[in-house]
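Going by our numbering, the sequence shown opens with residue 22, and the numbers climb by one from there. Note that beta-carbon positions come from the ideal geometry of N, C-alpha and C, so glycine has one too. Every value quoted in this text rests on a predicted model; they were computed, and no experiment measured them.
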Amino acid sequence: MYAIVKTGGKQYKVAVGDKLNIEKLDVEVGATVELPVICFVDGSTVEADPAKAAAKKVTAEVVEQFKGPKQLVFKFKKRKNYKKLRGHRQQLTRVEIKSIA
């Protein structure tokens, strides 16, 4: 049994016990979060209609808030003496899926 949830503009395939890194949620560590369901698959049935799948609930617990790896952005124009180096670290939240009901 698994579900496809949408959060932070991305979609994730989740099952009970999975840990995944998603874009930062403004909740404290240890809090429970309900994620919106797009698709639900239960062995024999597939619920792909978003209206019917939204009736299902995916509950996750926030494990930690952290920063992702550094992404470097380097801009360069040849023969113009133009170089720019910038870095970015995305704020992330690690959640563990507790139940799909």
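Here the segment 70 to 77 makes no contact with the segment 40 to 50; the two share fewer than three CB pairs at distances below 8 angstroms. In this structure, Val84 places its C-beta atom within 7 angstroms of the C-beta atom of Arg115.
In the structure shown, Ala69 falls within a coil segment according to DSSP collapsed to helix, strand and coil.
Considering only Phe87, Gly38, Val58, Val50, the residue with the shortest C-alpha distance to Ala24 is Val58. Ile118 is bridged by DSSP to Ala81. Between Leu93 and Leu106 a beta carbon distance of about 7 angstroms is seen, short of the 8 angstroms cut, so the two are scored as contacting. Here Phe61 is buried, its C-beta having at least 16 other C-beta atoms within 10 Å.
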